[in-house]
Amino acid sequence: TPTPVLAVTGGGLSLALHAPIFGALILMAWPSYGPDPSDGSYLVNRLAYKDRLPAPGQWVWLDGSTTGIQSAVKVVAVQGQEVELNGTRCLVDGVETDFKVSSGGRRWKFRVPSNHVLVDTGSSAHLGDLRSPFALVEIDHVAGRVWARCTPFWERGLL
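Going by our numbering, 167 is the number at position 147 of the sequence shown; the sequence numbering is gapless.
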């Protein structure tokens, strides 16, 4: 009878058409959650940094494997850039950023090591007992670029 043949053909065509789209969505809009469910969920493009590095100001997802941070954080500086913490200001390569810090009156000046990024831990609400507003993270622990916040409903939006 033609009904089973049509059903199998329809199922095969559906799979052939939808599988590539589903695969692309999994890689470019992977839902990621931090350790605290109240922190919300994000959509992460896991292909964003396969062939390039994050740029300052971008939101990235840290995998938490060694850093202890599994969350969306904002990149302050990338490898080779000079960072200066001067009272309440943060300068990257001599240019003032929008990141405000309290360094306790101390002045810090350092260069971000190769294969690392400096992230703003204050940009995420629940990061445990970190005492510094910033953290140096190896590039290998950046899982992808965060491009949207999904939950809670009233805080949804593009980042």
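Cβ coordinates follow ideal geometry from the N, Cα and C atoms, glycine included.
Since the structure is predicted, the reported quantities are computational estimates derived from the model, not experimental observations.
Chain D contact for residue i (CB, 8 Å cutoff)
i	result
Leu82	This model lacks chain D altogether, as it is built from one protein chain only.
Within 8 Å, strictly: CB atoms of residue i and residue j
i	j	result
Leu63	Trp174	no
Val93	Val139	yes
Asp113	Glu102	yes
Val121	Leu105	yes
Environment of residue i [buried if 16+ CB atoms lie within 10 Å]
i	result
Pro74	buried
Val96	buried
Leu37	exposed
Thr141	buried
Trp128	exposed
Ser91	buried
Cβ shell of residue i (< 8 Å), same chain only, five flanking positions each side left out
i	result
Leu67	Leu47, Met48, Gly164
Distance between residue j and residue i (C-alpha atoms, nearest Å)
i	j	result
Gly100	Ile159	13 Å
Leu26	Arg169	41 Å
Tyr69	Ile89	18 Å
Leu33	Pro51	27 Å
Pro76	Val98	7 Å
Sequence-distant residues of its chain with Cβ nearer than 7 Å to residue i (five each side left out)
i	result
Ala145	Summary for Ala145: the model assigns pLDDT 45, below 50, so the residue's position carries little reliability; its value from the coordinates is reported in the next sentence. Taken in chain order, the residues that qualify are Asp59.
Asp83	Gln90, His161, Ala163
Spatial neighbours of residue i in its chain, beta-carbon cut-off 6 Å, leaving aside the 5 residues before and after
i	result
Leu35	none
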